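Undergrad:
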Amino acid sequence: SVMVLVEEHCRGLWTEDLLQTVEELRGSTHEETSIDVKLCPFIGGPYPALHILKTIKGLKESLQRAASASGSYMCLLGKPALLVVGNQQERSQGLDYLEWIAADKLVWETFSSSAKSWLEDEVQWSDGEDKFLLFMDGNSLGFTTNGILKVREVATASYSGSELCLSGSGSTIRIATDEGVVKRVFQLFLRSQLSKALGTSRGDTTTIETTFGQAVWLEPVELRTIERQTKTLVIVP
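Here our numbering is used: the first residue of the sequence shown is 575, the next is one more, and so on.
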């Protein structure tokens with residue numbers, strides 16, 4: 575629906591001409607790059623990072639960081655959606671990096687405000703039934719209702735209206751809840767995703783051990799400068 579709305583105001587935007595122009599600007603007209611467009615809704619889609627980032631400062635900066643590190647192009651389409659342009663790998667990495675940035679920002683927000691929700695290892699609430707979202711094996715999350723495991727290894731989380739949706743291992747469950755619970759769920763989910771990324775061997779990441787196990791001397795401003803100069807993303811979990 576967003577693409578249709580944009581097309582009404584800019585005829586011919588979603589055409590092969592646009593994609594070819596993007597490839598020309600990137601100097602890859604003779605290469606198979608599979609440039610494509612992806613729209614990510616702020617509400618209703620499986621993108622907790624967008625839901626969290628819109629509630630804290632630095633959304634545009636976060637998009638610039640993720641786009642620069644992944645080689646993709648990210649642009650806000652008003653308030654309802656995010657436009658991501660690039661090949662499949664660039665778009666996928668860009669959205670991954672956006673999750674890591676959101677998790678990183680939540681850490682800084684927690685320590686600057688003395689909040690405790692980020693430090694939770696489980697989220698519990700009740701609507702007549704006791705519900706738990708908690709760490710199971712390693713960095714995987716599980717969701718239980720009245721002590722019965724409903725979703726193992728939660729892989730996606732989304733929120734639309736007043737309904738929270740959790741999916742994983744072939745199971746999907748929808749729960750009516752409020753935004754306060756959703757924010758805590760998304761915080762724990764993003765923490766899980768970042769932990770998985772750090773514990774997984776990926777071709778686009780490198781882990782550097784800190785001196786004496788501390789990184790308190792690393793100033794965010796200096797790290798952002800390094801990112802801009804190297805077109806990388808630096809996360810201090």
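Backbone N, C-alpha and C define an ideal beta-carbon position, used for all residues, glycine too.
Note that the structure is predicted; figures quoted are calculated from it, not measured.
In the DSSP assignment, the beta strand (DSSP E) including GLY742 goes from what residue to what residue?
TA: Residue numbering aside, residue 742 sits at position 168 when the sequence shown is read from its first letter. Its beta strand (DSSP E) spans residues 737-742.
Undergrad: Who are the Cβ neighbours of VAL755 in its own chain at under 8 Å, not counting the five residues just before and after it?
TA: Taking the sequence shown and counting its residues from 1, the one referred to as residue 755 is at position 181. Correct list, in chain order: VAL697, TRP699 and LEU738.
Undergrad: Which of helix, strand or coil does DSSP assign to LEU792?
TA: Taking the sequence shown and counting its residues from 1, the one referred to as residue 792 is at position 218. Of the three classes helix, strand and coil, the one that applies to LEU792 here is coil, per DSSP.
Undergrad: Can you tell which of MET710, PRO794 and GLY702 has its C-alpha closest to the C-alpha of THR751?
TA: For this step, residue 751 is matched to residue 177 along the sequence shown. Measuring from the Cα of THR751, the nearest candidate turns out to be GLY702.
Undergrad: Leaving out five residues before and five after VAL728 in sequence, what residues of the same chain have Cβ atoms less than 8 Å from its Cβ?
TA: Counting from 1 along the sequence shown, the entry for residue 728 is found at position 154. Here the set comprises LEU707, SER714, LEU715, GLY716, PHE717, LEU740, SER741, GLY742, PHE763 and SER766.
Undergrad: Please work out which residues of its chain come closer than 6 Å, Cβ to Cβ, to ARG748, disregarding the five sequence neighbours upstream and downstream, and give them in chain order.
TA: Within the sequence shown, numbered from 1, the residue matching residue 748 stands at position 174. Within the same chain, ARG748 has close Cβ partners GLU737 and CYS739.
Undergrad: Can you grab the Cα-Cα spacing for the pair VAL725 / ASP704, in whole Å?
TA: In the sequence shown, counting from the first residue as 1, residue 725 sits at position 151. In the sequence shown, counting from the first residue as 1, residue 704 sits at position 130. Going from the Cα of VAL725 to the Cα of ASP704 covers about 15 Å.
Undergrad: Counting only the same chain and skipping the five closest in sequence on each side, list residues whose C-beta sits under 8 Å from that of LEU627.
TA: Residue mapping note: residue 627 aligns to position 53 of the sequence shown, counting from 1. Around LEU627: LEU633, SER636, LEU672, ILE675, ALA676 and LYS679.
Undergrad: With DSSP as the reference, label THR718 as helix, strand or coil.
TA: The sequence position of residue 718 within the sequence shown is 144, counting from 1. THR718 falls in the strand class under three-state DSSP.
Undergrad: Please work out which residues of its chain come closer than 6 Å, Cβ to Cβ, to THR719, disregarding the five sequence neighbours upstream and downstream, and give them in chain order.
TA: What you label residue 719 is simply residue 145 of the sequence shown in a count that begins at 1. Taken in chain order, the residues that qualify are GLU703 and LYS705.
Undergrad: At which residues does the beta strand (DSSP E) containing GLY754 begin and terminate?
TA: Taking the sequence shown and counting its residues from 1, one reaches residue 754 at position 180. Unbroken run through GLY754 is the alpha helix (DSSP H), 753-772; no beta strand (DSSP E).
Undergrad: For ALA623, which residues in the same chain have their Cβ closer than 6 Å to its Cβ, ignoring the five residues on either side in sequence?
TA: Taking the first residue of the sequence shown as position 1, residue 623 is located at position 49. Answer for ALA623: LEU672, GLU673 and ALA676, listed in chain order.
Undergrad: Looking at the structure shown, is GLY777 part of a helix, part of a strand, or coil, going by DSSP?
TA: What you label residue 777 is simply residue 203 of the sequence shown in a count that begins at 1. GLY777 falls in the coil class under three-state DSSP.
Undergrad: Specify the secondary structure class of SER646 as computed by DSSP and reduced to three states.
TA: Counted from its first residue, the sequence shown places residue 646 at position 72. Of the three classes helix, strand and coil, the one that applies to SER646 here is coil, per DSSP.
Undergrad: Which of the three DSSP states, helix, strand or coil, is assigned to GLU696?
TA: What you label residue 696 is simply residue 122 of the sequence shown in a count that begins at 1. Three-state DSSP puts GLU696 in a strand.
Undergrad: The beta strand (DSSP E) with ALA731 in it runs from where to where?
TA: As a first step, residue 731 must be located in the sequence shown, where it is residue number 157. First-last of the beta strand (DSSP E) with ALA731: 730-734.
Undergrad: In three-state terms, what does DSSP make of THR804?
TA: Taking the sequence shown and counting its residues from 1, one reaches residue 804 at position 230. In this structure, THR804 counts as helix in the three-state DSSP scheme.
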